[in-house]
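Quick mapping for you: the protein sequence lines, in order, are chains A and B.
Residue numbers for the first sequence, in full-length UniProt numbering: 1 to 348.
Residue numbers for the second sequence, in full-length UniProt numbering: 1 to 348.
Every residue gets a Cβ at the ideal spot worked out from N, C-alpha and C, and that includes glycine.
In what follows, a structure is listed as structure tokens, so that the remarks can point back to it.
There are 2 protein chains.
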Amino acid sequence: MPATIRDVARASGVHISTVSRTFSAPHLVNPETRVRVLACAEDLGYRPNRAARALITGRTHNIGLIVADIANPFFPPLIKAAEGQARHRDYHVFVADTNEDPAAEEELVHALAKQVDGVLLCSPRMSNSLIEQVSREVPVVVINRQVAGLPCVMMDVGQGARAAIEHLLGLGHRRIALLGGPRGSWTNREMRRVAAAAVRAGGAELTLLGPNQPTETGGGALAEQVRRSGVTAVLAYNDLMAIGLIEGLDSLGLRVPQDVSVIGVDDIALSRLTRPKLTTVATPTAAAGRTAVDMLLQHDSDAPRGARGRGAVAGDRRTTAQVMLQTELVVRDSTGPVPPPGRDVAGA
Amino acid sequence: MPATIRDVARASGVHISTVSRTFSAPHLVNPETRVRVLACAEDLGYRPNRAARALITGRTHNIGLIVADIANPFFPPLIKAAEGQARHRDYHVFVADTNEDPAAEEELVHALAKQVDGVLLCSPRMSNSLIEQVSREVPVVVINRQVAGLPCVMMDVGQGARAAIEHLLGLGHRRIALLGGPRGSWTNREMRRVAAAAVRAGGAELTLLGPNQPTETGGGALAEQVRRSGVTAVLAYNDLMAIGLIEGLDSLGLRVPQDVSVIGVDDIALSRLTRPKLTTVATPTAAAGRTAVDMLLQHDSDAPRGARGRGAVAGDRRTTAQVMLQTELVVRDSTGPVPPPGRDVAGA
DNA sequence: CGATGTGCTGCAAAGGTTTGCAGCCGAAGA
DNA sequence: TCTTCGGCTGCAAACCTTTGCAGCACATCG
């Protein structure tokens, strides 16, 4: 039913190769012929068969995007940005969801490998060595993690965590908790490292709670522990956990920010809508999505030649860029001055 | 670099057709041969080239999912469910975002048509006739809209709206507003139709406000209008608008639910996290995603035969199912009894 | 007039897989 | 012993496009 290149060729009285060139190398075909071919193509509703093209060029014009959990509001803006940027360059995006499961992650990237020109690994939970391994099978850009020798786009959560801690120190807090995220998260390690240093530098004390599921539930479940720990301020792995925690503290009778200050990370849309509005470290997720797509596409626009080529494997001298995007502390209503000692109900 | 069917054939000493059959029709090949072939394939890391397969079978094993706005928290659970279900059946999902733009919607579905075996049109904003037109080009399952002659999966927002209105009537409200959603939304029309009937049946009065952007901003912008209208209760097109409205009312000094009751639709995760917790009509989004994938796949698992077949076009006698999923009113804290007349500050 | 070049087009191979058909071998039935 | 049949495997065409190469017509230059 659908028109093929042959139909167009017949209709416009030229050879199929001329039709092909009309689309892929217009400058090689006579303007007159070109308009005629284009007219016929338009007429027949011809669209090149991407599978056939992929078969011979070795490029599918698809990219894979693997995320830990689509339902986590951190990801959709990133997906949206990546999808838009990709479409802009005539690429389509496969989105896959791993449910925070490293094994599913590995399986998925293998399943996708043959079907895409590259994959964006977003907030991967698998090990660095595994990532390096898959990167030998398919071009990879890593988001939210640093892997030596691979193109990465990161958000500077370290700096964000430092800003958050300094904000808290400035408000007088001396006992601070860090709510850890999921095992395997680079962001998590990074935050811990920098937060610990910043707290130490401020002469304060840091309590580590984790690892945890990076969800409201995960945050809410920690309310009791936070209360017992006697801290007056908390930096959470992400906004979702922060919000869950606030909820949990509330049901324990602890008020934010009067009794406890809470800071999240990500600045998801939601963080502006809760009460109190959340103080948080804004991460440039959309920019990250766009940048990653650009890096991937630039990265493999040169390499492959007729499927049989040596692919995008070892030995190439491209400089694998690593981009660090800036974060920013957004102060809203969930942080406040340390409560006066007498009012400290935390130990009650 | 990647192993082809030929490599496997050579390694296991059989013809490529036998290798092919080992995967696509195992019962046709001798068990001994089969294990040998499988071993070699495993060994070489062979994965069939989907482009080549698509070229000859005419089936890409991809499906397209077009949504109005990935960043709207209504969609991610649906995407997630659809993606999981598809993967389960060895399909991949292209996700595309139209930014609530009907034109982008049409363009996208055309761009996708050749590359997928079918598309899920989720909450489409384009006209019915356009939908019917694209459905002649590519198999379509429509979500959140009823289109005669096409497979549809809908959520019974009509019934949900009725339950919501009756809940409000039961609390004594007699002046109710309906916050409309985007132009072109079937859900919107459906809610309006049923809500109007229910309000009339209860001897109350309905004020229509819309159409609006289905976002927090869209909801917040209506706060002033809601106040002026003097209603004591509001049913919003979705949770996002409801939450935005509550926010907006708050900054006008109106409290929810003491001064105004608010009900949303969707029961997004967020609605449990705001304060007050939102009373809302829960829609089974995940189920809708799964169902739609099933309908699409069952739908075109029979039709196509070697690309040249007549495709999934007119004349087929399959019964195009239309599924209506049930909704449920979830009463939380954003609705309460009508305020006593004296306390009515709405007109102030 | 011959040589060279330029601009455009046709030819045909290649890419990896599926699948209808034919062929082979051994067993069972006559 | 000769058919017949079933189980398994090989053969080759087909799917649609891209692309290196060759060919053609024509113009330019020496």
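| Item | Value |
| --- | --- |
| Which complete alpha helix (DSSP H) runs does the region 255–300 of chain A hold, if anything under 4 residues is left out? | 285–300 |
| Bridge partners for cysteine 152 of chain B per DSSP, in chain order? | B:Val142 and B:Gln322 |
| Using the Cα positions of glycine 160 of chain B and leucine 329 of chain B, report the straight-line distance between them to the nearest angstrom. | 6 Å |
| Where arginine 6 of chain A and alanine 81 of chain A are concerned, what is the direct C-alpha to C-alpha distance, given to the nearest angstrom? | 37 Å |
| Using the beta-carbon of each residue, which ones in chain A are nearer than 7 Å to alanine 51 of chain B? | Ala51, Ala54, Leu55 and Thr60 |
| My output table needs one value for threonine 207 of chain A: the three-state DSSP class, helix, strand or coil. | strand |
| Tell me the rounded alpha-carbon separation between aspartate 70 of chain B and aspartate 97 of chain B. | According to the sequence provided, residue 70 of chain B is isoleucine. The question's aspartate does not apply to it. Approximately 6 Å between the Cα atoms of the pair. |
| Below 8 Å, can you find three or more Cβ-Cβ pairs linking the region 254–267 of chain A to the region 236–246 of chain A? | yes |
| Take alanine 54 of chain B and list the residues in its own chain whose beta-carbon comes closer than 6 Å to its own, dropping the five residues that flank it on each side. | Thr60 |
| Against chain A, does histidine 27 of chain B count as a neighbour if the rule is that its beta carbon must be under 9 Å from one of theirs? | no |
| Using beta carbons (cut-off 9 Å, strictly below), is residue 365 of chain A in contact with chain B? | Chain A is shown only over 1 to 348; residue 365 of chain A falls outside these bounds and no answer can be derived. |
| Do valine 141 of chain A and methionine 295 of chain A come within 9 Å of each other at the CB atom, strictly closer than that value? | yes |
| Starting from valine 109 of chain A, trace the alpha helix (DSSP H) in both directions and tell me its first and last residue. | 102–113 |
| Just tell me which of B:Ala233, B:Tyr46, B:Gln146 and B:Asn188 has its CA closest to the CA of leucine 171 of chain B. | B:Ala233 |
| Using a beta-carbon distance below 9 Å, is glutamine 326 of chain A in contact with chain B? | no |
| Does DSSP put leucine 240 of chain B in a helix, a strand or coil? | helix |
| Is there a Cβ from chain B that is less than 9 Å from the Cβ of phenylalanine 23 of chain A? | no |
| Determine, for glutamine 115 of chain B, whether the minimum Cβ-Cβ distance to residues of chain A falls below 9 Å. | yes |
| Please list, in chain order, all residues of the same chain as serine 334 of chain A whose beta carbon is under 6 Å from its beta carbon, the five residues on each side excluded. | Val256, Pro257, Val262, Pro276, Leu278 and Thr279 |
| Please state whether the Cβ-Cβ distance between isoleucine 176 of chain B and alanine 197 of chain B is less than 9 Å. | no |
| DSSP three-state call for asparagine 188 of chain A: helix, strand or coil? | helix |
| Do you know how far the Cα of alanine 164 of chain B is from the Cα of alanine 164 of chain A? | 43 Å |
| Which whole-angstrom value is the C-beta distance of threonine 291 of chain A and valine 153 of chain A, which I expect to be below 8 Å? | 5 Å |
| Using 9 Å as the threshold, is the C-beta distance between proline 76 of chain B and arginine 125 of chain B below it? | no |
| Could you give the residue range of the alpha helix (DSSP H) that holds arginine 87 of chain B? | 75–88 |
| What does histidine 92 of chain A reach in chain B if we use C-beta pairs closer than 7 Å? | Phe94 and Gln115 |
| Chain A partners of alanine 71 of chain B, CB-CB under 9 Å? | Pro73, Pro76, Pro77, Ile79, Lys80 and Ala269 |
| Considering only the alpha carbon of each residue, which of B:Leu112, B:Ala39, B:Thr207 and B:Asp101 lies closest to valine 95 of chain B? | B:Leu112 |
| Residues of the region 233–248 of chain B in Cβ contact with chain A at a cutoff of 7 Å, in chain order, please. | Ile243 and Glu247 |
| Please classify isoleucine 56 of chain B as buried or exposed, where buried requires at least 16 neighbouring CB atoms within 10 angstroms. | exposed |
| Can you give, in chain order, each stretch of the alpha helix (DSSP H) that sits fully within the region 212–239 of chain B and has at least 4 residues? | 216–220 and 223–229 |
| Please confirm whether histidine 15 of chain A has its beta-carbon closer than 9 Å to some beta-carbon of chain B. | no |
| Taking beta-carbon pairs under 9 Å, can you tell me which members of the region 138–162 of chain B lie near chain A? | none |
| Less than 6 Å between C-beta atoms, sequence neighbours within five positions excluded: which residues of the same chain meet that for arginine 174 of chain A? | Ala204 |
| Distance check for phenylalanine 23 of chain A and leucine 222 of chain B, CA to CA, integer angstroms please. | 49 Å |
| Can you list, in chain order, the residues of its chain with a C-beta nearer than 7 Å to that of phenylalanine 74 of chain A? Leave out the 5 residues immediately preceding and following it. | Asn238, Asp266, Ile268 and Thr285 |
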